Amino acid sequence: MNSEKIVNYGATFQRSPIFFIVSRLVVLFFIIIIIFPLLYTLSLSVRSPETIYSAKFFLIPEEYSIQNYYDAFFYAEERLKVSFPRMFLNSIIVTFASVSLIISLSIFAAFSFSHLKFPMKESLYNVMIASVAMPAQVLLIPLFYILIYFGIINTYFAVILAYAGFLIPIGILILRMFFEQIPYELTEAGITDGATDFQLLINILLPLAKPAIATCIILLFLDTWNEFVYAM
Numbered sequence: 001m002n003s004e005k006i007v008n009y010g011a012t013f014q015r016s017p018i019f020f021i022v023s024r025l026v027v028l029f030f031i032i033i034i035i036f037p038l039l040y041t042l043s044l045s046v047r048s049p050e051t052i053y054s055a056k057f058f059l060i061p062e063e064y065s066i067q068n069y070y071d072a073f074f075y076a077e078e079r080l081k082v083s084f085p086r087m088f089l090n091s092i093i094v095t096f097a098s099v100s101l102i103i104s105l106s107i108f109a110a111f112s113f114s115h116l117k118f119p120m121k122e123s124l125y126n127v128m129i130a131s132v133a134m135p136a137q138v139l140l141i142p143l144f145y146i147l148i149y150f151g152i153i154n155t156y157f158a159v160i161l162a163y164a165g166f167l168i169p170i171g172i173l174i175l176r177m178f179f180e181q182i183p184y185e186l187t188e189a190g191i192t193d194g195a196t197d198f199q200l201l202i203n204i205l206l207p208l209a210k211p212a213i214a215t216c217i218i219l220l221f222l223d224t225w226n227e228f229v230y231a232m
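Counting in UniProt numbering, the sequence shown runs from 1 upward without gaps.
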């Protein structure tokens, strides 16, 4: 078996067929590692309650049952009088509203901390970032009494407000670091042309910050969607 010759941008080198086979096997191995937990989870979902807790390890179920899916959709409705679609809709509303609010406020705050000058800027930033280290469980009871005092307990707004308070510092941290990496010459050119601070943010910084904003959206979406304690 002859080695494969590769020509790329004027450089010529030979790739051994052994390397080709081994590299594909390594990739296939990692694909199996990634896919197997998903397949095993799917296998568990269609097993009968008796075989789920069986000590035997097998991927293909010996007995198939859709009881688990039935329980997922109707257990809460039968026991708690709350339908699964209603709970799913609540999660969607809270998650999308929270992420939208957090991203909007984080963008303006990150721009202020990175491009504007005002008293005690760094002190305020450090205090805000330090608040991320505080466990959310510490503020659970005080926040509960505050929400009762303002009469917004058991509302969408209460959960959205709690998520925003905890996650805005993370959004500001990510976006500020990205804004500060954008060359100053770009904003200086905008200032020379008479652009206001708002125009600099909208027309220059935001188009360049799309990767950072996308990263924030993904992280914030996962945090808010998976959060359990405050949602209760």
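We put the beta carbon where it would ideally sit given N, CA and C, even for glycine.
If you're wondering where the values come from, they're calculated on a predicted model, not measured in any experiment.
Residue i classed as buried or exposed, judged by whether at least 16 other C-beta atoms fall within 10 angstroms
i           : result
S54         : exposed
I6          : Confidence is the limiting factor: at I6 the pLDDT is only 49, short of 50, which leaves the residue's position unreliable, though a coordinate-based value still follows. Flag for I6 reads exposed.
F19         : exposed
F88         : exposed
E227        : buried
I52         : exposed
T95         : buried
residue 244 : As shown, the chain starts at 1 and ends at 232. That puts residue 244 outside it, with no answer to give.
R176        : buried
L222        : exposed
Y125        : buried
A209        : buried
Beta-carbon proximity check, residue i vs residue j, cutoff 8 Å
i    : j    : result
S106 : I172 : yes
F179 : F111 : yes
S43  : L59  : yes
L161 : L220 : no
T224 : Y156 : no
R79  : E63  : no
P169 : V132 : yes
I174 : C216 : yes
I213 : L186 : no
K121 : F113 : yes
Y75  : V159 : no
Closer than 7 Å: residue i CB and nearest the ligand SAH heavy atom
i    : result
I172 : Summarising the ligand content, the structure contains no ligands, and the ligand SAH is consequently not present.
Reduced DSSP category for residue i - H, G, I as helix; E, B as strand; rest coil
i   : result
S83 : coil
S16 : coil
For this session: Jot down the residue ranges of each uninterrupted alpha helix (DSSP H) in the UniProt domain "ABC transmembrane type-1" (88–232), minimum 4 residues, whole runs only, in chain order.
Result: 121–130, 140–149, 156–181, 184–192, 197–200 and 210–226
For this session: Mind the definition here: the stretch 134–146 touches the stretch 94–110 only if three or more C-beta pairs lie below 8 Å; say whether that holds.
Result: no
Exercise. Between the stretch 199–206 and the stretch 66–77, are three or more C-beta pairs nearer than 8 Å?
Worked result: no
For this session: Inspect the CB distances between the stretch 150–159 and the stretch 182–196 and report whether three or more fall short of 8 Å.
Result: no
For this session: Could you pull out every unbroken alpha helix (DSSP H) segment of at least 4 residues lying fully inside the stretch 34–73, listed in chain order?
Result: 49–52
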